[in-house]
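Just so you know, we're using the numbering used here here: the sequence shown kicks off at 182 and counts up by one.
Ideal placement from N, C-alpha and C gives every residue a C-beta, glycine not left out.
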Amino acid sequence: MNFELEPKYLAIQQEARDLAQSIEPISAEADASSEIHPGILSALQTSGMSNLMVATEYGGRFEQVDPFAICLVREVFMATSSHLDSLFALQGIGSFAITKGGTREQRENWLPKIATAEILPALALTEPDAGSDLKAITTELVPSGNGYLLRGTKAFISNAGAAGYYIVFAKEEAGFSTVLVPADAPGVSSTPAPELIAPHVLGDVQFDDVALTDAARLGEPGKGLNLVLATLGVFRVSVAGAAVGLAQAALEEAVRHTRTRVQFGRPLARLGPVAQMLADSWTEIEMARLITYRAACYARTDPASTLHHSSMAKLAASEMASRVVDRCVQVMGRFGLVRDAKIERLYRQARPMRIYEGASEVLRLGISQKLTEEIT
Ligand SMILES: Cc1cc2nc3c(=O)[nH]c(=O)nc-3n(C[C@H](O)[C@H](O)[C@H](O)COP(=O)(O)OP(=O)(O)OC[C@H]3O[C@@H](n4cnc5c(N)ncnc54)[C@H](O)[C@@H]3O)c2cc1C
């Protein structure tokens, strides 16, 4: 067991830090926006870091997509800008089904543009009446002539309106299937989703009898859930990485503040309960980082059979981030409440992490099911 990062990961971490530092002056403005921020997009494109989301054969960095590298990058990005973190993460979340289940033609057509961030993707699973219960979706693919018609509405889709294509999870006679729909296909339209407490590029997408052929399919008919699970296997743990980065950034804000602000004749950081909150936070961040890095390393070799580790990491890190940022606001007193102060931004941004890519309660169900199967 070696707890040091290999040189290639140290280099990626440094690359991510350099990019994060370069966009720091526009991060507050970008994080307040629910539309793609051109400055952040352009910085991501120039950096070339989206190539971590694609295999070498299609313009990517490594032979295979590496969840550990993605995790490290998200940890750095989220500490500076949720907008940058989300743009980066979605390049993978919205393309992994092509990497995993696409034909050579589909891969050659789309993945090089993902690697350069020339195109933004989206993954459309959620619907107005189906969130955690994915099998309750009603969007359907129905036979028509030599092809199919896609009809239904997807809700709360990241990158909606800005994406070049949608990977859509739909019902079909054979079960659930996954199709790739170019955003400019006739019958596709999008509308903005409600504004969230932490702004995010989000929209609802309507598929109004969109005509598709077999060429739009990703994977076999009826096997769409496998591609969704494969995507989660690689990317759920990266949310944990982002949560660790957020918590670390919050703690650093709190330390800077409590080290210098004096009350009762001492810096706040030297007052017992404040010191305790800082110490507990640091300890919890380190615990979450360890479980996250381990799960990300497992996901590198066998994401499907180690999904429970990714779920544990996401559960532990997202819940930890909420606790830590809450304590940090507390020890900063009224200064922690100032609208658009960095700590206030982090406080709002921590909250959705416990809901998307598997709500904590749903993750607990999966983890406990695995546990009861494993113990003889
Ligand atoms: C910022 C953001 C970005 C998003 N981006 C995308 C995207 O790109 N693509 C996409 O498809 N979706 C996206 N979503 C939607 C997201 O995936 C859903 O919000 C998530 O799956 C939870 O579904 P829901 O919100 O409908 O909650 P519901 O399913 O209605 O659940 C509400 C709550 O009930 C509890 N609960 C639900 N089921 C159970 C259970 N079985 N046992 C115990 N408790 C349970 C949990 O506490 C849960 O939080 C995004 C959401 C957000 C907030």
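Sequence-distant Cβ neighbours of Ala-540 in its own chain, meaning closer than 7 Å and more than five residues away, are Ser-313. Listed in chain order, the non-local C-beta contacts of Thr-307 below 6 Å within the same chain comprise Ala-336, Phe-337, local neighbours out to five positions each way being set aside. A residue is called buried when at least 16 other Cβ atoms come within 10 angstroms of its Cβ; Pro-309 does not meet this threshold and is exposed.
Just so you know, the alpha carbons of Phe-416 and Lys-495 end up roughly 10 Å apart. Around the CB of Met-182, fewer than 16 other CB atoms lie within 10 Å, so the residue is classed as exposed. Taking 3 residues as the minimum length, the segment 406-469 contains no beta strand (DSSP E) run wholly inside it.
Of the residues assessed, Val-512 falls on the buried side of the cut-off, its CB having 16 or more other CB atoms within 10 angstroms. A distance below 7 Å separates the beta carbons of Gly-422 and Arg-255.
A distance below 6 Å between beta-carbons, with the five flanking residues on each side excluded, links Asn-340 to the following residues of its chain, in chain order: Leu-271, Leu-301, Ala-303, Val-382. Inter-residue distance for Ile-524 and Leu-361 is about 39 Å (C-alpha atoms, whole angstroms). Ranked by Cα distance from Val-349, the first of Leu-315, Ala-374, Pro-324, Ser-214 is Leu-315. Residue burial is scored here from C-beta neighbours: Ile-556 has fewer than 16 other C-beta atoms within 10 angstroms and is therefore classed as exposed. Looking at the DSSP output, Asp-385 sits in a beta bridge with Thr-372. Within a 10 Å sphere around the beta-carbon of Gly-356 sit fewer than 16 other beta-carbons, which makes this residue exposed. Beyond the five residues adjoining it in sequence on each side, Ser-231 comes within less than 8 Å, by CB distance, of Leu-225, Phe-269, Gln-272, Ile-295, Ala-296, Thr-297, Ala-298 in the same chain, given in chain order. Per DSSP, the beta-bridge partners of Phe-243 are Ala-236. In this structure, the alpha-carbon of Arg-475 lies about 17 Å from that of Thr-464. Within the same chain, Cβ atoms closer than 6 Å to the Cβ of Asp-266 are found at Arg-255, Phe-258, Met-259, Ala-423, the five residues on either side in sequence being excluded. Excluding the 5 residues flanking it on each side, Ala-343 has same chain C-beta neighbours closer than 7 Å at Ile-217, Leu-301, Val-382, in chain order. Membership of Thr-359 in the beta strand (DSSP E) is indicated by the continuous run 356-363. Check the Cα spacing between Pro-188 and each of Leu-200, Ala-250, Ala-311, Thr-237: the tightest is with Ala-250. Under DSSP, Arg-398 shares a beta bridge with Val-360.
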